[in-house]
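**Q** First the structure, which I've put down as structure tokens, then a few questions once you've had a look.
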Amino acid sequence: MYILRKLFNSIFVLDKLGIFSVTLFIVIFSSIVMRFLEPQTFPGWFDALWYVMTTVTTVGYGDFYPVSLAGRMYAIFIFLIGIGIAGLAIGKLVEALGAQRKRKEEGRLEFKGKNHFIIIGWSEKVRYAISEIIETHPELNIVLIDLLPVTPISHKNVHYIQGDPSSETVLLQGNIKEARSVLVFSDDTIQDAALTDGKTLLIVTSVERLNPHIHSTVEIKKEEHIKNFRHAKVDEFVLSHETVSRMAVRSAFSKGITDIYTQLLSHKTGENLFEIRKKKDWKTYKDAFEALLQEGATLISDGSDLSINKKLNEPIPENARLYIICGKEEYEALR
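Written out as structure tokens, the structure is:
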């Protein structure tokens, strides 16, 4: 009893790798011993392994069993030692899976994917943004970075990172260097607009330093701060308060215009706004306009230039970013 107690005490202080190693050793060693003790009962090595596995997991099919005294004595050893070790190994495995899940929920796991979206900051706006991304690109991975103790959203494509988003360590944990785009939302808990934009600028400066080629979109509070963000090489800006106010004014003068805005901004209903590449047979904007019209799409701009109708006979540059309005089915066909 003293020897068994010492043995079990030694086993319980082993780490997970040690437990699995001991379990594997006992299973393989016991298979060899049973095959050696009763070659007639276990004609093949796999038969002995099958018997040991069904014994240590307490399944016990009864298709193989030892008949000699030596075989049965060793089987008793498997009952006493093997079952305990196997149970301990299974328990450690379940414990490890639970710990891994907890670490993921708490945002303590590094993201190793590539070509993903990074979203910084959490609010209801971000919930809608993630829903829109998943609706538009269901295969795209999203990394959410915030200071919340646990992830605010559970989805197989959303990986949560907990920490200060201006920290290089946290950004690298989200694999910022391999990301496709980053969306930085302003901190709604800060009342002062200047302080809010200052925090956003600090975050996006860290992002651009670590990945100068990333496409960055930021939400800012005051339009006068745009020049500072341009200096940090930010690609896109969203003026949160001004945008909502302007939409409200336009809707007051033009009934139903908010429905148009909603359709263009959301991929869930109606016609949508898409970017499409220039095709080889499109020499001028007129060629592209007429070809797209035949496919049920309308060319509206080249990048931020909305004056397409004024330069239909001009050649399309190779680096053109053409935006069209059409349904999702038409866009898929064109792509």
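Once you know that position 260 of the sequence shown is 1160 in the working numbering, the rest is easy, because the numbers rise by one and skip nothing. Glycine included, C-beta positions come from ideal geometry on N, C-alpha and C. Since the model is a prediction, treat every value here as computed from it, not as a measurement.
#1: Applying the criterion that 16 or more other CB atoms from any shown protein chain within 10 Å of the CB defines a buried residue, is Val994 buried or exposed?
#2: Across the segment 1049 to 1061 and the segment 1111 to 1118, are there enough close Cβ pairs to call them in contact, namely three or more that are closer than 8 angstroms?
#3: Using a 10 Å radius around the Cβ and a threshold of 16 neighbouring Cβ atoms, would you call Ala1233 buried or exposed?
#4: I'd like the list of long-range same chain contacts for Ala1197, defined as Cβ closer than 6 angstroms, with 5 residues on each side in sequence excluded.
#5: Of the residues Asn1209, Trp945, Glu1175 and Val933, which one's Cα is nearest the Cα of Asp1187?
#6: Helix, strand or coil: how does DSSP classify Gln1062 here?
#7: For the beta strand (DSSP E) that Glu1108 lies in, which residues bound it at each end?
#8: To the nearest angstrom, report how far apart Ile1216 and Glu1190 are at their CA atoms.
#9: Figure out for me which residue from Lys1133, His1125, Ala948 and Asp947 has the closest Cα to the Cα of Ser1140.
#10: Distance check for Leu949 and Arg1001, CA to CA, integer angstroms please.
#11: Where does the unbroken alpha helix (DSSP H) through Leu1072 begin, and where does it stop?
#12: Please list the terminal residues of the continuous beta strand (DSSP E) segment that includes Ser1081.
#13: I believe Val1084 touches Ile1103 by the beta-carbon criterion, under 8 angstroms. Please report the beta-carbon distance rounded to the nearest angstrom.
**A** This is what the structure holds:
#1: It is exposed - the Cβ of Val994 has fewer than 16 other Cβ atoms within 10 Å.
#2: Touching, no.
#3: So Ala1233 ends up on the exposed side.
#4: Result list for Ala1197: Ile1224, Cys1226 and Glu1230, in chain order.
#5: The shortest C-alpha separation from Asp1187 is found at Asn1209.
#6: Strand, per DSSP.
#7: It is not in any beta strand (DSSP E) - Glu1108 instead sits in the alpha helix (DSSP H) that spans Ala1093 to Leu1110.
#8: Approximately 14 angstroms, taken between the alpha carbons.
#9: Residue His1125 holds the alpha-carbon nearest to the alpha-carbon of Ser1140 among Lys1133, His1125, Ala948 and Asp947.
#10: Spanning the two alpha carbons is a distance of roughly 32 angstroms.
#11: In the DSSP assignment, Leu1072 falls within the unbroken alpha helix (DSSP H) covering Glu1068 to Gln1073.
#12: Run containing Ser1081: Ser1081 to Val1084, per the beta strand (DSSP E) assignment.
#13: With a Cβ gap of about 6 angstroms, Val1084 and Ile1103 count as contacting.
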